[in-house]
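Notes for the one structure printed next.
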Amino acid sequence: MTCDVQPIGTIYSPFGEPAGTPIQPVFSDDTPGRVEVLAPYAEGLADLDGFDRIWLLYWCHQSPGAKLRVVPYRDTQEHGVFATRAPARPNPIGLSCVRLLRIEGNILHVSELDILDGSPLLDIKPYVPEFDSFPTVRSGWLAAKRTEREIADDRFHRI
Ligand SMILES: C[S@@+](CC[C@H](N)C(=O)[O-])C[C@H]1O[C@@H](n2cnc3c(N)ncnc32)[C@H](O)[C@@H]1O
Numbered sequence: 009m010t011c012d013v014q015p016i017g018t019i020y021s022p023f024g025e026p027a028g029t030p031i032q033p034v035f036s037d038d039t040p041g042r043v044e045v046l047a048p049y050a051e052g053l054a055d056l057d058g059f060d061r062i063w064l065l066y067w068c069h070q071s072p073g074a075k076l077r078v079v080p081y082r083d084t085q086e087h088g089v090f091a092t093r094a095p096a097r098p099n100p101i102g103l104s105c106v107r108l109l110r111i112e113g114n115i116l117h118v119s120e121l122d123i124l125d126g127s128p129l130l131d132i133k134p135y136v137p138e139f140d141s142f143p144t145v146r147s148g149w150l151a152a153k154r155t156e157r158e159i160a161d162d163r164f165h166r167i
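Heads up: the sequence shown begins at 9 in the numbering used here, then just goes up one per residue.
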């Protein structure tokens, strides 16, 4: 079985390193960013402008490498990496629901990012509340979160 994933563009943000970057878009401010979609894929952006929010899937290119147990940003204790949103994963794929401000050709102007500058873009999907929002479900260890952290430190910094 092959699994051939190639970048379809690049995400540009003001965040050059993990420390100081929001840990999720919801903790970000209106700081603008940009998504540049490679020309061969630009046609696929048709009709995306009607959506206020989009999912960006990207390669966490500055990931320190996979760890199967991590101390995530919102706790002081270890959890299995698949029970967290930490970037130190076997396939370091990030998933962020950002605000779409406008589209100019193959450039998406976005805000509310938790993404490092230069991250390779893997995919874009519209955020659809009817499909993507389950506000009453359980959220595991996060329900008893031991920290209120909103901004990353350097624990997942590549050395
Ligand atoms: C906790 S992760 C969550 C990322 C995404 N929202 C998710 O849930 O998959 C957010 C942190 O990942 C780090 N990060 C973002 N882009 C990265 C990249 N390209 N390489 C490595 N780390 C990255 C930043 O430190 C950011 O604060």
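Idealized CB from N, CA, C, for every residue including glycine. This one's a predicted model, so the numbers in the text were calculated from it and none came from an experiment.
Sequence-distant residues of its chain with Cβ nearer than 8 Å to residue i (five each side left out)
| i | result |
| --- | --- |
| L53 | V45, I111, N114, L116 and I132 |
| A94 | K75, V78, P80, Y81 and F164 |
| I62 | L56, C105, V106, L108, L116, V118, I132, K133, P134 and Y135 |
| D162 | E25, P26 and A27 |
| F139 | none |
Reference residue i; option with closest CA among the options
| i | options | result |
| --- | --- | --- |
| A91 | A151, L124, F139 and I123 | A151 |
| F23 | T39, M9, G17 and C11 | T39 |
| N104 | I167, D12, R146 and C68 | In the sequence as presented, Asn is not what sits at residue 104; that position holds Ser. Residue C68 is the option with its Cα nearest to S104. |
| V106 | E86, V136 and N99 | V136 |
| Y49 | Q14, V34, S21 and A96 | Q14 |
| P134 | S147, R154 and L108 | L108 |
| W149 | G102, E86 and P98 | E86 |
| D12 | F142, D162, P26 and N99 | N99 |
| Q70 | I16, E51, I101 and D60 | I101 |
| C16 | D60, V145 and E51 | The question names Cys, but residue 16 is Ile in the sequence shown. Selected option, being the one with the closest Cα: E51. |
Cβ-heavy atom distance, residue i to ligand 2, below 8 Å
| i | result |
| --- | --- |
| W149 | Looking for ligand 2 in the displayed structure turns up nothing; the ligands present are ligand 1. |
Cβ-based neighbour list, residue i, same chain, cut-off 7 Å, excluding 5 preceding and 5 following
| i | result |
| --- | --- |
| I31 | Y81, D122, R157, E158, I159 and A160 |
| I19 | G41, V43, L64, Y66, I123, S127 and L129 |
| A47 | N114 |
| P169 | Beyond the ends of the chain as shown, which are 9 and 167, falls residue 169; an answer cannot be given. |
| S21 | G41, L121, I123, L124 and D125 |
| G88 | L76 and R77 |
| S141 | none |
| D60 | R107 and L108 |
| A144 | The amino acid occupying residue 144 in the given sequence is Thr; Ala does not appear at that position. Taken in chain order, the list of residues that qualify is empty. |
Contacting residues, own chain, Cβ-Cβ under 6 Å from residue i (five flanking each side not counted)
| i | result |
| --- | --- |
| E120 | P33, S36, V106 and R107 |
| T84 | R154 |
| G58 | none |
Discussion item. Which complete beta strand (DSSP E) runs does the stretch 54-141 hold, if anything under 3 residues is left out?
Written reply: Every beta strand (DSSP E) of 3 residues or more that sits fully in the stretch 54-141 is shown, in chain order, as 61-67, 101-112, 115-119 and 127-134.
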